[in-house]
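Student: One structure, as structure tokens, below. Some questions next.
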Amino acid sequence: MRLHQHIVASGLVSSAVYGATRSPTIAIACFFTGFLVDADHLLDYWMSHPLSLNPEFAIGRGIRRTMRDFFFRKKLNRSQRYAFAFFVEKASALFASVLAPIAKSGFNLPHFFKTCEEYRLVKVYLWFHSLELLPILALAAWLTRSPAMAGFTIGLAQHLLFDHLGNYIYPKSYFILYRWKMGFVNEKVFDVPEEFRHGHGS
Numbered sequence: 000m001r002l003h004q005h006i007v008a009s010g011l012v013s014s015a016v017y018g019a020t021r022s023p024t025i026a027i028a029c030f031f032t033g034f035l036v037d038a039d040h041l042l043d044y045w046m047s048h049p050l051s052l053n054p055e056f057a058i059g060r061g062i063r064r065t066m067r068d069f070f071f072r073k074k075l076n077r078s079q080r081y082a083f084a085f086f087v088e089k090a091s092a093l094f095a096s097v098l099a100p101i102a103k104s105g106f107n108l109p110h111f112f113k114t115c116e117e118y119r120l121v122k123v124y125l126w127f128h129s130l131e132l133l134p135i136l137a138l139a140a141w142l143t144r145s146p147a148m149a150g151f152t153i154g155l156a157q158h159l160l161f162d163h164l165g166n167y168i169y170p171k172s173y174f175i176l177y178r179w180k181m182g183f184v185n186e187k188v189f190d191v192p193e194e195f196r197h198g199h200g201s
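Every letter in the sequence shown is one number past the one before it in numbering that gives the first Met the number 0, and letter 91, counting from 1, is 90.
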């Protein structure tokens with residue numbers, strides 16, 4: 000799944016989690032974990048590509064538009080729309096502020112997204128996309144009784160589920176031990192579509 004799709008999915012899941020638990024901490028942790036798991040794509044990209052100059056990327060604007068377009072199709076009353084608009088503005092501003100220094104440093108965000116979405120990386124480590132992490136997080140949540148840890152666990156679980164449903168990836172590749180066994184080679188981790196099987200590393 001793409002970033003904006005994970006943000007929307009995380010919004011839906013975290014809303015359901017809040018409805019079930021009435022815990023803002025669990026819901027917020029679930030929401031942000033649900034898409035920030037993809038930060039490991041940045042690590043993979045940085046290991047394969049040097050920084051290149053292209054600081055203009057309106058990530059905050061894109062997030063606002065995606066979330067508003069999706070949720071404002073729903074039947075919300077005026078107060079609900081106002082509350083949601085406020086939430087979207089704040090969440091978008093926060094996310095944009097995190098990515099802005101990366102963009103200004105010369106990191107080419109459009110090329111990063113294109114490279115990942117077209118399966119162009121030669122090696123894919125994906126440290127956070129690992130099913131081995133789920134029992135560890137679940138055990139930590141149970142031992143500590145931490146709402147945040149519970150939210151992290153649910154957030155990771157829903158992220159991996161949606162990736163499994165939406166990505167061209169071999170099921171075993173969600174285990175980091177399997178990726179290690181395959182040498183983290185892109186074509187052995189992902190079932191790369193025919194249209195993307197040429198031009199790796201560009």
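Glycine included, each C-beta is placed from N, C-alpha and C at the ideal position.
What are the partner residues of residue 184, as DSSP defines its beta bridges?
Tutor: BP columns for residue 184 point to 122.
Student: Report the three-state DSSP secondary structure of residue 174 (helix, strand or coil).
Tutor: Note: residue 174 maps to coil in three-state DSSP.
Student: Helix or strand or just coil, what does DSSP make of residue 203?
Tutor: The shown model of the chain, from 0 to 201, leaves out residue 203, and the question about it has no answer.
Student: Confirm, please, whether the CB-CB distance from residue 162 to residue 128 is below 8 Å.
Tutor: A contact, by the Cβ cut-off of 8 Å.
Student: Can you list, in chain order, the residues of its chain with a C-beta nearer than 7 Å to that of residue 16? Leave out the 5 residues immediately preceding and following it.
Tutor: Excluding sequence neighbours, residue 16 sits near 25, 26, 29, 153.
Student: Would you mind working out which of 120, 131, 156 sits nearest residue 189, comparing C-alpha positions?
Tutor: Nearest option by C-alpha distance: 120.
Student: Any chance the CB of residue 21 is under 7 Å from a heavy atom of the ligand NAD?
Tutor: The ligand content of the structure shown is nil, which means the ligand NAD is not present either.
Student: Where do the ends of the alpha helix (DSSP H) carrying residue 108 lie?
Tutor: Start and end: 108-116.
Student: Using beta-carbon positions only, say whether residue 34 and residue 11 come within less than 8 Å of one another.
Tutor: No; because the gap between Cβ atoms is not below 8 Å, this pair is not in contact.
Student: Is it right to say residue 184 is buried, meaning 16 or more other beta carbons lie within 10 angstroms of its own, or is it exposed?
Tutor: That one is exposed.
Student: Kindly indicate which residue of 23, 7, 0, 117 has the alpha-carbon position closest to the one of residue 148.
Tutor: The candidate whose alpha carbon is nearest that of residue 148 is 23.
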